[in-house]
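> Once you've had a glance at the structure underneath, I'll fire off some questions.
Protein chains: 2
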Amino acid sequence: MARSSRPAAGVGPARAVAELRTPALIVDAGLLDANLETMAAALPGPRLRPHVKAHKCSELARHQQQHGHLGFTCATLREMEVMAAAGLGTDLLLANEVVDAGRLSPLVAAGHRVTVAVDSVQTIDAAVAAGVPEVLIDVNVGLPRCGCDPADAPLLADEARRRGLAVRGVMGYEGHAVGVEDRPDRERLVGESMAVLAAAHAEVGGDVVSAGGTGSYDMNDVATEIQAGSYALMDTAYAKLGLPFGPALSVLATVVSVNRSGWAVADCGLKALGMDHGNPSLAGPLAGGLVWFCSDEHVTFSPPEGRARPKVGDRVELLAAHVDPTVAYHERLHLVDAGHEQVLDSWPVDMRGW
Amino acid sequence: MARSSRPAAGVGPARAVAELRTPALIVDAGLLDANLETMAAALPGPRLRPHVKAHKCSELARHQQQHGHLGFTCATLREMEVMAAAGLGTDLLLANEVVDAGRLSPLVAAGHRVTVAVDSVQTIDAAVAAGVPEVLIDVNVGLPRCGCDPADAPLLADEARRRGLAVRGVMGYEGHAVGVEDRPDRERLVGESMAVLAAAHAEVGGDVVSAGGTGSYDMNDVATEIQAGSYALMDTAYAKLGLPFGPALSVLATVVSVNRSGWAVADCGLKALGMDHGNPSLAGPLAGGLVWFCSDEHVTFSPPEGRARPKVGDRVELLAAHVDPTVAYHERLHLVDAGHEQVLDSWPVDMRGW
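So the sequences go chain by chain: A and H. Under the numbering used here, the first sequence is numbered contiguously, ending at residue 364. Under the numbering used here, the second sequence is numbered contiguously, ending at residue 364.
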């Protein structure tokens, strides 16, 4: 895969995957590269504004940049700070409302391009107070979360301009649509949401219509830029959608106990996995086996029919149901080869926390 | 509350809770102290072996020690390492199976008392190879997770002794029982599990019968020591059991968006909360309000009937459904006064990761 010329922080000499402490996040470098290539071909350059919340890793963002995407989407102030410090501040969008925007002032002063989402007078005030020069009007397009009432978008744009802010355009995340498994249903919901956003954009003006995610990357024709993030590493929730992105991320675990009644236990639990989308799935030779439940530091499972139980000390791999909150528990992503035998690189998950 | 004489790492001058970046974990110092006192009165000194997995904070463990509990329970090698480095290694039990026990060798060499759970020949091998001198035989008492078949306990004890290990006794966690809301049902399940453990103990020998948790602390009469952890900070899952421990932990969040259709959004999402036990609950003035759902960095909610919607910039507090995986996402616990206005101290969550 495309590699940065400088060594990644914390990388040592090549070592065996078998030497990693578990639980550990491993990333199939070939699958990651294929995912980045596939997306860059579909949405080249500025058509994609990768969302870093999915991986929280500036080194992975650097690889996305090397695939041609210079602008990035962030969800937190820390993500903004770390991206800027990593030299990835060409065009950073905080696609979220904040009232303590003052933490962005040093980024602006240092010459990074900083844009924030606003959906209220208060968040406009916060942008003005922080000296953030550019905003997007965040419009609610159906997900009950942030974003102003569509009817208020032109009023907020007027207010922002009156306060001296440059309004680059609109944003509206169709988060209630991107995960819908049935493609026609998904297309319909995305279309309805984007009709709302397009109407708001017509009144707000500006060059930017920012929206979308991994689940709508190939059906959202209204957005000028898609905020997809999960496509790089993927998870089992998005895998159900039949997208052309492979399961690059897995959690490596060690079997610590085997019971003669038929189950085994590995050291990958609730603190190594985002659980909001449910249990992880067994991968590799154990794919098709049954995950019984997760505890704080354990997953109890049984192997697929006809396959022998693993032995204590065996390594197993699991696929997370939801990539974002899974990565947020871990300190590093370990890039591995196709056989998952050699660690090629280790990247800090340096955007964790707030 | 009882305070250590040395300043905690990272603590600055007293500051207002309003100045904390959000999301942030805040701990009501009075409720924490009351929880520690209540438990120390019920299970004094060695009758409690506090489980540090629930808080992952050596400074909180130090306060548990000051309440008379010198032995601690850990779930991970890192918890063992950090507790030892913090000078809390009087009697550390790794109540979990590990095959890479070599990380414990430096702790043993430094004079800390280290005991590990074993439930197989392989984990006995690992203890021997690491030079860990003492073990407990981990017995399965009904939860399909670690622990040997009860019939195998004496065989494993013999094997451990043959290999030169001191067998201190048995361990058996009734994890399927501790969360059962109906007290008679819980008592029955705990009793059945402990009958299994007592029978194993009669054959294994040793002074220690280690078991239990916050939900069984006052009904497990078989265990010589109870491994409770959640009682210190508590969560809404355990609150349903009617235990005499108060909700010391909450997540402080800031309202970032308010919608005229009736919902508001605060900056406390999936990456600030363990979600395996479901959504968080609103606390304080918003108690009784409805949490709609959580996203990566947001909680969407509506206030209780008859109460005005909060405003952008307002602070809100939420109670986590499950304390352990919630704390594991955060860098610090902020101790606050009874009015939740002043930060009294800030303690690093220094046992995160593995």
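Cβ atoms here follow ideal geometry from the backbone N, Cα and C, with glycine treated the same way.
Span of the beta strand (DSSP E) holding Ala221 of chain A?
Where Ala221 of chain A is concerned, the enclosing beta strand (DSSP E) stretches over 218-221.
> Taking Ala111 of chain A and Ala139 of chain A to be in contact with their CB atoms under 8 Å, please state how far apart those CB atoms are, rounded to whole angstroms.
That pair is a contact at about 7 Å.
> What residue does the alpha helix (DSSP H) around Ser267 of chain A start on, and which one ends it?
Where Ser267 of chain A is concerned, there is no enclosing alpha helix (DSSP H), although the beta strand (DSSP E) it sits in stretches over 259-268.
> Measure from the C-beta of Val109 of chain A to each C-beta in chain H and report whether the shortest distance is under 8 Å.
By this cut-off, Val109 of chain A is an interface position.
> Listing by chain order, which chain A residues have their CB less than 9 Å from the CB of Met93 of chain H?
By Cβ distance, chain A contributes nothing, its closest Cβ being about 16 Å from Met93 of chain H, past 9 Å.
> May I have the straight-line CA-CA distance separating Gly40 of chain A from Ala242 of chain A, to the nearest angstrom?
Each residue's Cα considered, the two are about 11 Å apart.
> With DSSP run on the structure shown, which of helix, strand or coil describes His332 of chain H?
Of the three classes helix, strand and coil, the one that applies to His332 of chain H here is coil, per DSSP.
> Rounded to a whole number of angstroms, what is the C-alpha to C-alpha distance between Leu253 of chain A and Gly157 of chain H?
Using only the alpha carbons, I get a separation of about 41 Å.
> Round the Cβ separation of Leu98 of chain A and Val124 of chain A to the nearest angstrom and send it over; I've been treating them as touching at under 8 Å.
Their Cβ separation, rounded to whole angstroms, is 12 Å, which puts Leu98 of chain A and Val124 of chain A out of contact at 8 Å.
> Below 8 Å between beta carbons: does that hold for Pro295 of chain H and Val309 of chain H?
No, Cβ-Cβ distance for Pro295 of chain H and Val309 of chain H is not below 8 Å.
> How many angstroms separate the CA atom of Ala26 of chain A from the CA atom of Leu329 of chain A?
Rounded to the nearest angstrom, the two C-alpha atoms are 20 Å apart.
> Can you give me the C-alpha to C-alpha distance between Pro116 of chain H and Asp148 of chain A, rounded to a whole angstrom?
Their backbone Cα atoms lie some 54 Å apart in a straight line.
> Which bits of chain A does Asp310 of chain H rub up against, with CB to CB less than 7 Å?
The sequence given here places Thr at residue 310 of chain H; Asp does not occur at that position. Chain A residues near Thr310 of chain H: Pro154, Arg155.
> Please list, in chain order, the chain A residues whose beta carbon lies closer than 8 Å to that of Ser130 of chain H.
The answer, in chain order, is Ser267, Val268, Val322.
> Please classify Asp168 of chain H as buried or exposed, where buried requires at least 16 other C-beta atoms within 10 Å of its C-beta.
Exposed.
> Is there a C-beta anywhere in chain H that falls below 8 Å from the one on Arg25 of chain A?
Answer no: the Cβ-Cβ gap between Arg25 of chain A and chain H never drops below 8 Å.
> Counting only beta-carbon atoms, is Thr264 of chain A nearer than 8 Å to chain H?
Cβ-Cβ to chain H under 8 Å: yes for Thr264 of chain A.
> Measuring alpha carbon to alpha carbon, tell me which residue in A:Gln237, A:Cys304, A:Val301 is nearest Leu104 of chain A.
Nearest of A:Gln237, A:Cys304, A:Val301 to Leu104 of chain A, Cα basis: A:Gln237.
> Report the rounded CA-to-CA distance for Arg198 of chain H versus Arg57 of chain H, giving the unit in angstroms.
Those two C-alpha atoms are separated by around 22 Å.
> Judging by CA-CA distance, which residue of H:Val265, H:Gln76, H:Val200 is the nearest neighbour of Glu307 of chain H?
Measuring from the Cα of Glu307 of chain H, the nearest candidate turns out to be H:Val265.
> Using a Cβ-Cβ distance under 8 Å, would Thr133 of chain A count as near chain H?
For Thr133 of chain A, the answer is yes, since a Cβ of chain H falls inside 8 Å of its Cβ.
> Any idea what DSSP makes of Leu283 of chain A, helix, strand or coil?
Coil at Leu283 of chain A, not helix or strand.
> Which residues, taken in chain order from the stretch 229-249 of chain A, show a beta carbon closer than 8 Å to some beta carbon of chain H?
Hits within the stretch: zero.
> Starting from Leu300 of chain H, trace the beta strand (DSSP E) in both directions and tell me its first and last residue.
Run containing Leu300 of chain H: 300-304, per the beta strand (DSSP E) assignment.
> Closest Cβ-Cβ distance between Arg59 of chain A and chain H: below 8 Å?
Closer than 8 Å: no.
> Using a Cβ-Cβ distance under 8 Å, would Glu327 of chain H count as near chain C?
Protein chains in the displayed structure are A and H, and chain C is not among them.
> In this structure, does DSSP put Val275 of chain A in helix, strand or coil?
DSSP places Val275 of chain A in strand when its eight states are reduced to three.
> Can you pull the chain H residues whose beta carbon is under 9 Å from the beta carbon of Ser260 of chain A, in chain order?
Under the 9 Å cutoff, chain H gives no residues; its nearest Cβ is about 16 Å from Ser260 of chain A.
> With a threshold of 16 other CB atoms inside 10 Å of the CB of Pro54 of chain A, please say whether the residue is buried or exposed.
Exposed, by the Cβ-count rule.
> Helix, strand or coil for Ser130 of chain A? Go by DSSP, reduced to three states.
Note: Ser130 of chain A maps to coil in three-state DSSP.
> DSSP state of Met361 of chain H, grouped into three classes?
Met361 of chain H: coil per DSSP, three-state reduction.
> Three or more C-beta pairs under 8 Å: does that hold for the stretch 273-290 of chain H against the stretch 206-225 of chain H?
No, they do not touch.
> Is there a C-beta anywhere in chain H that falls below 8 Å from the one on Trp302 of chain A?
Yes, Trp302 of chain A counts as interfacial toward chain H.
> Tell me, please, whether the stretch 74-93 of chain A touches the stretch 355-363 of chain A by the rule of three or more beta-carbon pairs shorter than 8 Å.
Short answer: they touch.
> Write down the C-beta distance between Pro60 of chain A and Ala51 of chain A rounded to the nearest angstrom, noting that I regard them as a contact closer than 8 Å.
That belief does not hold up - the Cβ atoms of Pro60 of chain A and Ala51 of chain A are roughly 14 Å apart, past 8 Å.
> From Leu165 of chain A to Ser267 of chain H, what distance separates their C-alpha atoms?
Rounded to whole angstroms, Leu165 of chain A to Ser267 of chain H spans 16 Å at the Cα level.
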